[in-house]
Structure formats: structure tokens, C-alpha cells
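One structure is given below, encoded as C-alpha cells.
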Amino acid sequence: MVPDVQVLLDGLDVFRVPADEILAHAARKGWQVDNDDARAPYVPGVTLAFTRDTPQEVRRDENGLPVHFTSVLVAGEKYREN
Numbered sequence: 355m356v357p358d359v360q361v362l363l364d365g366l367d368v369f370r371v372p373a374d375e376i377l378a379h380a381a382r383k384g385w386q387v388d389n390d391d392a393r394a395p396y397v398p399g400v401t402l403a404f405t406r407d408t409p410q411e412v413r414r415d416e417n418g419l420p421v422h423f424t425s426v427l428v429a430g431e432k433y434r435e436n
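Just so you know, the sequence shown maps onto residues 355 to 436 in the numbering used here.
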């Protein structure tokens, strides 16, 4: 039996709530959302990085992106600094 794993961001299930809703929620909270690469948006300073890039057969939006995130990275706030 495979365990049911949930990753919650402020109570929202990152893998079950549509990605656009997660990003909109973060913006409403006043968090800066870097969405320059729609396949891999992130929230600087928190650091949360999301991925919507996958070869898997998943539901996609009108731009061809998966509707839901396919992975999430949680790291220290300086993770993405050069």
C-alpha cells in the first residue's frame, strides 16, 4: 500500500489544488512570486520552488502546462542566490 502524502502550503494541498490557485494565494498573502518560467515558479526568501514540467500523462491547461504542480522544493532562504 502506498501512503497518501500531502504537502500543504498555508493549508492548501500543493499537489491537488491547481497550480494557478496556489500562486494566486501566495500573491494575495503578499509573497513575491517569481513566475518568469511558468514551468518552475518560486517564492524567493521562503524558499519554495515548484515544478510543472513532466513527461507524465497528466491534465494540462490551455498552454500545455500540467494543471497541478508535479514537485515542490523547500529550502533555506538563500538557496536560489547566485
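By construction, the Cβ of each residue, glycine as well, lies at the ideal position given by its N, Cα and C atoms.
All values derive from a computational prediction rather than experimental measurement.
*So which of Ala380, Pro409, Ala403 has the shortest CA-CA distance to Asp391?*
Stepping through the sequence shown from its first residue, residue 391 is reached at position 37. Closest by alpha carbon: Ala403.
*Which residues in the same chain as Val421 place their Cβ atom closer than 7 Å to its Cβ, once the five residues preceding and following it in sequence are excluded?*
Start at 1 with the first residue of the sequence shown, and residue 421 comes out as number 67. Its chain contains Pro372, Ala373, Arg413, Arg414, Asp415 as the residues whose beta carbon lies nearer than 7 Å to that of Val421, once the 5 sequence neighbours on both sides are disregarded; these appear in chain order.
*Is Val361 near Val368, with beta carbons less than 8 Å apart?*
Taking the first residue of the sequence shown as 1, we reach residue 361 at position 7. Taking the first residue of the sequence shown as 1, we reach residue 368 at position 14. A contact, by the Cβ cut-off of 8 Å.
*Tell me whether the beta-carbon of Tyr396 lies closer than 8 Å to the beta-carbon of Asp407.*
Mapped onto the sequence shown, residue 396 falls at position 42. Mapped onto the sequence shown, residue 407 falls at position 53. Contact: no.
_With distance defined between alpha-carbon atoms, name the residue in Gly399, Arg382, Arg370 nearest to Glu431._
To locate residue 431, count along the sequence shown from 1; it is residue 77. Answer by Cα proximity: Gly399.
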